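Right, one structure below, let's go through it.
In the working numbering, the protein residues as written are 220 to 440.
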């Protein structure tokens, strides 16, 4: 057994007992297998303690593609920040800044399609901050949950909730904001009423939220 993560970290399980050496591919270091569906906090710990020379790798069963179904997700750390990209046979996406919490929810959504396992492999290639972009999403990645005409649309994306708010003022524009953990939990308890409240907050603080805006690109039919 091997341990590539910080030994001082107190995990809610014995990580040494979960790491199994792999030898079928040179780039594969180990698989982490957790039989029961893990908590978000557990996955956050794993991502947060990922060394820069390694990457976490898992399969996105839900990513829509024209040819091969799904996509493979690679997550790395760079100078204390995290980024990810997608790929499959013959294509690779750009690299986008992200958070450990976003990745934890992303992985959890796909947990059953990864055989209760995530893969750790060597992080080949040196990426610099200038090579990594702010998150961008395609419209086909979004699943509409609910909407209020001329007000907002709430989407699910990669296990996270994205709120698209039609902002007031000259030349109406949209602000696409990921809900944080607290907001998501409130939505699960209170439903649409909390979305109305968050929408109002975003409209009243457009400058604050514009920095968090996520671009949604439309794929031509």
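Idealized CB from N, CA, C, for every residue including glycine.
These figures come from a predicted structure and were not determined experimentally.
For residue 297, the uninterrupted beta strand (DSSP E) segment begins and ends at 290-297. Taking the CA atoms as reference points, residue 419 sits about 16 Å from residue 409. Proximity of the region 250-264 to the region 317-333 meets the contact definition, three or more beta-carbon pairs being nearer than 8 Å. The Cβ-Cβ distance between residue 358 and residue 435 falls below 9 Å.
Taken through DSSP and simplified to helix, strand or coil, residue 312 comes out as coil. A Cβ-Cβ distance of about 13 Å is found for the pair residue 303 and residue 379, leaving them out of contact under the 8 Å criterion. Under DSSP, residue 366 shares a beta bridge with 372. The region 316-347 contains, as complete beta strand (DSSP E) runs of 3+ residues, the segments 336-341 (chain order).
In the structure shown, residue 417 falls within a helical segment according to DSSP collapsed to helix, strand and coil.
Per DSSP, reduced to three states, the secondary structure at residue 279 is strand. Residue 361 places its beta carbon 9 Å or farther from that of residue 414.
Residue 296 is classed as buried because its beta carbon has at least 16 other beta carbons within 10 Å across all chains shown. C-alpha of residue 406 to C-alpha of residue 364: approximately 12 Å in a straight line. Residue 300 is bridged by DSSP to 297. In the structure shown, residue 426 falls within a helical segment according to DSSP collapsed to helix, strand and coil. Per DSSP, the continuous beta strand (DSSP E) segment holding residue 356 begins and ends at 355-357. As the crow flies, the alpha-carbon of residue 348 is around 16 Å from that of residue 355. By the neighbour-count criterion, in which 16 or more other beta carbons inside 10 Å mark a residue as buried, residue 371 falls on the buried side.
Spanning the alpha carbons of residue 431 and residue 323 requires a straight line of approximately 19 Å. For residue 274, DSSP records a beta bridge to 340. Following the DSSP letters along the chain, one finds residue 396 inside the beta strand (DSSP E) bounded by residues 392-397.
Closest in C-alpha terms to residue 377, from the list 281, 254, 339, comes 281.
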